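Novice: This is the structure I have questions about; it appears just below.
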Amino acid sequence: MDYPILTVTTFLPVVGAVLILLLGSERLARWIALATTLAALSVAALLYWKFNPSSTGLQLEDFAEWIPMWNITYRVGVDGISLPFILLAAVLSVLCVGASWTAIRTREREFYAALLFAETAMIGLFAAANLFLFYVFWELMVVPLFLLIGIWGGPNRVFAAVKFLLFTLAGSVMMLVGMIALYQATPELADRPYGMLDFEVLATTSLPPGLQAWLFVAFLAAFAVKVPMFPVHTWLPDAHTEAPTAGSVILAGILLKMGAYGFLRVSLPILPHAVQRFITPMLVVSVVAIVYGAYVTLAQTDIKRLIAYSSVSHMGFVTLGIFTGTQSGVEGAILQMINHGIISAALFLCVGMIYERTHTREIKDYGGVAKVAPGYAIFLALFCLAATGFPGLNSFIGEFLIIGAAFDTQSWLGAMAIWGVVLGTIYLFWLYYRVVMGELNPGLKGLPIELNAREVLTLAPLAFLAIYLGLYPECVLAFLHVPVAELLTHGATP
Amino acid sequence: MIPDFVKFEWVHPGLLLILGAWVLPLLKGQVKQVAMVLLPAAALAICIRMSWWEHGSYQIANFLTADLFFRVDKLSLVFSYVFSIMALIGMIYALHVKDDTQHVSALTYAGAALGVTFAGDFLSLYIFWELMAVSSVLLIWLRRKPAAVAAGFRYLLVHVIGGLILLAGIILYAKETGSFAFGKQADVYGVMEPVAGTAAWTLILVGFLLNAAVPPLGAWLPDAYPEATVTGAVFMTAFTTKSAVYVLIRGFAVPDGEPLIMWLGAAMAVYGVVYAVLENDARRLLAYHIISQVGYMVCAVGIGSKLAVNGATSHAFAHILYKGLLFMGAGAVLQVTGLRKLSDMGGLYKTMPITLGLYMIGAFAISAVPLFSGFVTKSMVVDAAHASNSAIFLLLTLASAGTFLHTGLKLPYYMFFGKDSGVKGKEPPTNMLVAMGLAAAACVLIGLFPGLLYRYLPNFVDDSPYFLYTLPHITSTLGMLGFTALGFFLLLKHLDPEPKISLDTDWFYRKGSSAFLRLAKRPLTRLEYGFVGEIYEFIMRRFVLDVARVFRWFDTFVVDLLVVGVGRLTQRFSQILKTTVSGNVQHYGLTMAVGALALFGLAMLALARIGT
Amino acid sequence: MNFLQRQLEDPVRLARIKRWFYVSLIVVVVAECVLFLMQLLLPDLFHSEHHDHWFDKIPAWGSLYGLVSCVAIIVVSKLIGKLWLMRREDYYDS
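Protein chains in written order, with numbering that gives the first Met the number 0: chain H, 0 to 493; chain R, 0 to 611; chain P, 0 to 93.
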């Protein structure tokens with residue numbers, strides 16, 4: 000079977016979205032969405048099956064001429080770094096549909112259509128083989144998210160959506176400028192087969208250091224906002240908190256990773272000189288994000304906001320790992336991105352589920368949930384433990400690799416990272432204690448808090464992944480050895 | 000390197016307990032009780048079987064390019080025996096408990112301790128270390144009282160943070176030495192010597208000392224142990240602290256001695272005893288005693304001589320048994336009467352004589368009365384101290400007097416004798432008595448036939464036996480004990496327990512933590528919302544909205560005017576044209592045609608531009 | 000009335016127990032002193048393992064130190080407790 004699997008995976012959700020919009024039935028919308036996301040997931044599984052972890056370069060690519068005038072082609076492909084993200088996006092999309100099943104009651108058609116558009120944009124971004132396509136999907140991603148937050152979000156949704164929009168656009172405008180500058184700076188690539196702005200081709204170029212520095216800053220603007228790095232992170236708490244559950248899952252699970260992925264795809268291979276120059280500030284900002292983010296998390300009183308701020312801290316680990324520039328550091332960072340995608344998606348799902356019943360996110364309104372909902376308590380315990388980096392669960396390996404690489408680079412970096420883990424343990428255990436343990440809060444009496452079958456079905460795959468990846472991280476790491484090594488050697492020869 | 004004959008017949012005893020525990024909730028009634036006893040017995044059998052193995056490290060798995068080792072030698076074997084025996088006794092003691100989660104937790108906890116004992120590398124050690132913390136906290140939480148929930152939470156937090164410190168040390172150690180091996184060679188102790196004094200050494204030491212409840216890191220023990228369930232506490236006394244002693248021996252018992260550890264141990268021995276005078280809660284008093292007794296073991300690790308290592312090991316062995324017995328006794332009283340405070344108790348000797356008798360055997364054992372296990376084990380440590388440092392010897396002997404004072408005199412006096420509190424006791428269920436009897440028998444057996452234990456000690460030398468039942472030694476010990484008792488009876492009225500609590504270093508994270516939180520809450524949130532967040536507001540307001548307002552003005556009054564002007568022009572033009580052209584359709588068509596032409600022209604222009 | 004009750008609640012029997020206790024204390028002290036003297040006079044007969052410390056030169060050292068330790072512990076602990084460590088039971092409940 001030689002059909003364009005990747006393109007199908009990417010655009011199948013759009014087809015589903017269009018179908019939803021055309022058919023006009025509110026009730027059918029979610030069923031179509033479910034079918035589409037499941038179909039996309041199965042096609043993505045095909046990708047996984049056909050992929051060869053030990054060969055270098057892009058695989059399973061699809062190619063088409065697009066804008067010959069500017070020598071821009073449509074080219075998508077996967078390598079060991081992008082494949083796990085595509086799979087993650089596919090899985091999380093299915094779970095988002097499951098989580099929104101009963102939570103969204105107004106304008107369902109538009110909601111599910113937006114969700115599916117978002118999925119296409121996500122998968123397309125990771126599959127993109129050149130910078131132009133990357134940028135297109137980067138921008139495309141913003142629209143459905145803006146709608147998701149702004150229409151179906153919480154009480155302060157418009158503010159949060161606009162803030163999200165402005166922050167992201169400010170960054171991506173800089174990326175556009177950078178992209179055009181890069182295009183102008185590499186005229187010699189005009190007659191190459193894959194055209195301009197192709198990632199693989201760009202990685203072999205050697206740009207003047209001054210230009211590299213400016214380009215790095217331009218792209219940094221976009222990526223740092225998305226990750227988010229301190230101090231441009233303030234859009235995240237508002238966006239995550241006001242978004243509906245599915246929106247938070249996509250935001251935390253995939254969107255944040257797009258920024259770090261950008262570093263891996265654009266900054267590290269194409270701008271190695273600049274990366275070397277900027278390593279120290281990047282490392283410092285990462286560590287600040289880890290510790291500062293953790294402290295602010297401790298002070299939160301809203302559960303969703305607490306988890307949102309913890310994402311700032313966790314993504315600090317990721318950027319720390321990336322900028323150590325070592326094999327284990329980058330591998331750990333990528334693994335941690337996958338892990339964080341799984342865990343924070345799970346945590347936001349848990350919060351969303353309980354919010355559907357209690358309509359409050361304040362910690363003080365909770366307590367003693369274990370007494371009425373033991374199943375929920377067990378799931379939440381598993382995910383909280385996983386988030387703290389407990390050995391045997393997924394985050395441990397990622398953190399271990401990153402902290403090891405950090406100690407290799409500079410001892411104090413490793414020490415701060417460990418301090419971040421300690422703080423993480425404190426705030427997560429404390430959250431769990433206040434919400435789940437102790438006496439039942441009187442405000443919760445009589446509410447049917449325990450999970451129903453659909454919700455268990457939504458959380459179960461994530462729980463399984465958390466344990467499976469914890470015991471057998473090699474299943475993801477196996478994909479990373481070759482491409483990360485390639486990435487780093489390219490970077491080493493500026 | 001695994002011997003062939005065990006390939007099919009061997010399973011890691013720790014994993015046997017951890018995984019086998021999950022069978023229990025599926026069984027019912029008598030079958031379940033048999034299984035409860037069978038599992039630790041099987042683990043013990045496996046451990047005994049392993050004594051025929053060649054000593055060394057066996058690689059059992061590979062995880063992320065690091066090898067995991069299973070190490071068998073005298074030290075790990077002797078600790079594994081006592082851990083399995085205690086697991087067995089504990090399960091017998093807990094046969095009457097209906098709560099399955101407690102059984103699963105207890106067996107997981109014991110299994111993890113066995114895992115730590117046999118770990119030949121730091122990775123598997125760390126995994127089992129964390130597993131121990133998580134499974135033991137359940138034994139506290141399952142008491143289901145608010146105080147227990149809070150204490151369990153503090154316990155978990157302290158242990159996980161200690162684990163993280165250990166992890167940091169492990170990572171640094173791996174960087175320094177290039178491998179994760181923790182004493183891969185058999186029968187070698189003090190393996191951390193090559194990295195002595197480095198950050199890795201210190202962090203790993205701190206992690207171990209925290210689990211051994213060395214002050215100032217040990218406040219979690221008296222905080223959490225009294226809050227555990229009756230049967231859970233018995234398990235808890237055995238495993239966390241003693242596995243910490245084991246890893247301390249393995250890692251830090253260097254022959255020349257490590258003064259830091261030695262003095263910490265001696266201070267610890269006295270610290271526990273001092274606090275025990277003030278205690279009112281029976282199990283908390285015993286918990287402070289654990290600190291005191293572990294102090295002997297830690298001190299012996301610091302002394303490091305062959306005798307000291309033997310002493311630490313044998314003392315740990317005996318301590319697990321007699322401390323278990325003491326906790327079983329106090330737990331029995333708690334179970335039957337519901338009382339935990341000494342100020343509420345008294346006069347129980349009338350109704351619980353068997354419990355009293357068994358308890359007193361444990362008390363004599365801990366006080367090192369001749370003919371009991373403590374005499375043959377504690378004396379080894381004290382003698383090693385005598386040979387090394389006189390001040391340490393005096394401190395340890397002081398602590399011995401104190402031990403007898405509290406555990407042998409004060410506790411039984413106020414619990415069983417003393418004033419008549421009017422509480423009606425009765426003997427606890429038979430299984431508890433059987434368990435206590437087994438432990439008591441072991442205490443006496445070791446006391447009468449010390450050679451049984453000595454044979455398994457790491458530095459045991461067959462031809463020069465260590466003989467303690469010499470007349471001078473016996474009389475000196477009896478004298479010390481007797482006069483301690485005299486002192487007790489003379490000062491009896493000063494010892495009456497008061498219903499108060501004493502502060503320990505856990506004050507720092509119980510009262511101190513609110514100060515810590517205030518730091519997080521006020522300054523940081525002010526920074527986050529007031530400053531960093533404000534940047535958005537600032538940029539939005541000034542550079543976006545204000546500029547936008549300017550543009551709006553421009554738009555309304557300039558551009559729009561132009562548009563309106565064009566519109567008016569167009570209207571007038573169309574008025575003129577209206578007379579010549581009949582309908583709107585042609586008007587539209589005209590506009591469309593003009594527009595299309597214009598666009599086409601623009602496109603041609605642009606293409607021409609780019610093409611050049 | 001079990002065995003223990005009979006022994007302790009009868010004042011005559013209780014006084015007898017106390018008497019035996021004091022007697023045994025004296026016996027032990029005497030034994031210690033005797034052994035000490037014998038060690039001085041016939042050093043090779045008794046394995047003089049550890050006689051290097053200053054307190055080993057004191058006769059009946061074990062008994063003496065036992066009493067001293069006991070009193071010291073009680074006094075010092077109570078002092079520290081009264082001055083510093085003891086608080087109300089509900090001290091931590093905020």
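The C-beta atom is built at its ideal place from N, Cα and C for all residues, glycine as well.
All figures in this text were calculated on a predicted structure; none of them were measured in a lab.
1) Per DSSP, S501 of chain R is paired with what?
2) Got a sec, what are the start and stop residues for the beta strand (DSSP E) I80 of chain H sits in?
3) Going by C-alpha to C-alpha distance, which of H:G246, H:S410, H:I396, H:L479 sits closest to S92 of chain H?
4) Just mark I25 of chain P as buried or exposed, buried being the case when its beta carbon has 16 or more other beta carbons within 10 Å.
5) Near G217 of chain R, which residues of its chain fall below 7 Å by C-beta distance, leaving aside the five closest residues on each side in sequence?
6) Shorter than 8 Å from the beta carbon of R87 of chain P to some beta carbon of chain R?
7) Three-state secondary structure (DSSP) at F550 of chain R?
8) Taking 8 Å as the threshold (C-beta atoms), are G346 of chain R and S399 of chain R in contact?
9) From L561 of chain R to T569 of chain R, what distance separates their C-alpha atoms?
10) K174 of chain R to D407 of chain H, Cα distance in whole Å?
11) By how many angstroms is the C-alpha of G324 of chain H removed from the C-alpha of A491 of chain H?
12) Please go through the same chain and pick out, in chain order, the residues whose beta-carbon is closer than 8 Å to the beta-carbon of W83 of chain P, but skip the five residues on each side of it.
13) Among all the DSSP beta bridges, which residues are the ones paired with T72 of chain H?
14) State the DSSP-derived secondary structure class of Q58 of chain R, mapped to helix, strand or coil.
15) Please list the residues of the segment 169-182 of chain R that have a C-beta atom closer than 7 Å to any C-beta atom in chain H, keeping them in chain order.
16) Of the choices R:R548, R:L14, R:G250, whose alpha-carbon is the least far from that of D186 of chain R?
17) Just the C-alpha distance for P493 of chain H and A273 of chain H, rounded to the nearest angstrom, thanks.
18) Taking all protein chains shown into account, do 16 or more other C-beta atoms lie within 10 angstroms of the C-beta of A293 of chain H, making it buried, or fewer, making it exposed?
19) According to DSSP, Q299 of chain H sits in a beta bridge with which residue or residues?
20) Under 8 Å between C-beta atoms, does V375 of chain R make it to chain P?
21) Specify whether the segment 250-269 of chain H and the segment 327-343 of chain H touch according to this definition: at least 3 beta carbon pairs, one from each stretch, less than 8 Å apart.
22) In whole angstroms, what separates the C-alpha of A273 of chain R from that of L502 of chain R?
23) Name the two residues that bound the continuous alpha helix (DSSP H) containing D99 of chain R.
24) For T116 of chain R and S242 of chain R, I'd like the C-alpha separation in whole angstroms.
25) Output needed in chain order: residues of the segment 113-130 of chain R with a Cβ under 7 Å from some Cβ in chain H.
26) Please name the residues in the segment 16-28 of chain P whose beta-carbon is closer than 7 Å to at least one beta-carbon of chain R, in chain order.
27) Using a C-beta cutoff of 8 Å, does I57 of chain P count as contacting chain R?
28) Relative to the alpha-carbon of F222 of chain H, which residue among H:L486, H:A126, H:V248, H:A169 has its alpha-carbon at the smallest distance?
29) I think G256 of chain R touches G310 of chain R, with their Cβ atoms under 8 Å apart; what is that distance to the nearest whole Å?
30) Are any of the Cβ atoms in chain P nearer than 8 Å to that of I500 of chain R?
31) Report buried or exposed for G603 of chain R, applying the criterion of at least 16 other Cβ atoms within 10 angstroms of its Cβ.
32) Which of the three DSSP states, helix, strand or coil, is assigned to V563 of chain R?
33) How would you label S54 of chain H, buried or exposed, when you count the other beta carbons within 10 angstroms and need 16 or more for buried?
34) Just tell me which of R:S50, R:P225, R:I170, R:E533 has its CA closest to the CA of T201 of chain R.
35) Can you grab the Cα-Cα spacing for the pair M501 of chain H / V284 of chain H, in whole Å?
36) Span of the alpha helix (DSSP H) holding A65 of chain R?
Specialist: Well, looking at it:
1) By DSSP's assignment, S501 of chain R forms a beta bridge with P:M85.
2) For I80 of chain H, no beta strand (DSSP E) run applies, since DSSP gives it neither H nor E.
3) Looking at the Cα atoms, H:G246 is the closest of the given residues.
4) I25 of chain P is exposed by the Cβ-count criterion.
5) A distance below 7 Å between beta-carbons, with the five flanking residues on each side excluded, links G217 of chain R to the following residues of its chain, in chain order: I290.
6) Yes, R87 of chain P counts as interfacial toward chain R.
7) In this structure, DSSP gives F550 of chain R a helical state, which the three-state scheme calls helix.
8) Contact flag unset, no.
9) Their Cα atoms are separated by approximately 12 Å.
10) Going from the Cα of K174 of chain R to the Cα of D407 of chain H covers about 8 Å.
11) A caution first: A491 of chain H carries a pLDDT of 48, below 50, which makes its placement in the model unreliable, though a value can still be read off. Spanning the two alpha carbons is a distance of roughly 9 Å.
12) Answer for W83 of chain P: no residue qualifies.
13) Answer is H:E64.
14) Note: Q58 of chain R maps to strand in three-state DSSP.
15) Listed in sequence order: I170, L171, K174.
16) When the alpha-carbon of D186 of chain R is set against those of R:R548, R:L14, R:G250, the nearest one is in R:G250.
17) Bear in mind that the predicted position of P493 of chain H carries a pLDDT of just 40, short of 50, making it too unreliable to give a figure here.
18) So A293 of chain H ends up on the buried side.
19) Paired residue(s): none; Q299 of chain H is not in a bridge.
20) At a cut-off of 8 Å between beta-carbon atoms, V375 of chain R makes no contact with chain P.
21) Here the segment 250-269 of chain H lies against the segment 327-343 of chain H, with 3 or more beta-carbon pairs under 8 Å apart.
22) Reading off the sequence, residue 273 of chain R comes out as Val, not Ala. Note on geometry: alpha-carbon atoms of V273 of chain R and L502 of chain R lie some 12 Å from one another.
23) For D99 of chain R, the uninterrupted alpha helix (DSSP H) run begins and ends at 99-117, by DSSP.
24) For T116 of chain R and S242 of chain R, the distance between alpha carbons rounds to 7 Å.
25) Here the close residues are Y125, I126, E129.
26) Here the close residues are S23, L24, V27, V28.
27) With 8 Å as the cut-off, I57 of chain P does not count as an interface residue toward chain R.
28) Of H:L486, H:A126, H:V248, H:A169, the smallest CA-CA separation from F222 of chain H is found for H:A169.
29) Contact between G256 of chain R and G310 of chain R does not hold, since their C-beta atoms are separated by about 13 Å, which reaches or exceeds 8 Å.
30) So, interface residue.
31) Residue identity check: residue 603 of chain R is Met in the sequence provided, not Gly. Per the 10 Å Cβ criterion, exposed.
32) Helix.
33) Exposed.
34) Of the listed residues, the one whose Cα sits closest to T201 of chain R is R:I170.
35) A question about residue 501 of chain H goes unanswered here, because the residues of chain H that appear run from 0 up to 493.
36) For A65 of chain R, no alpha helix (DSSP H) encloses it; the enclosing beta strand (DSSP E) starts and ends at 65-71.
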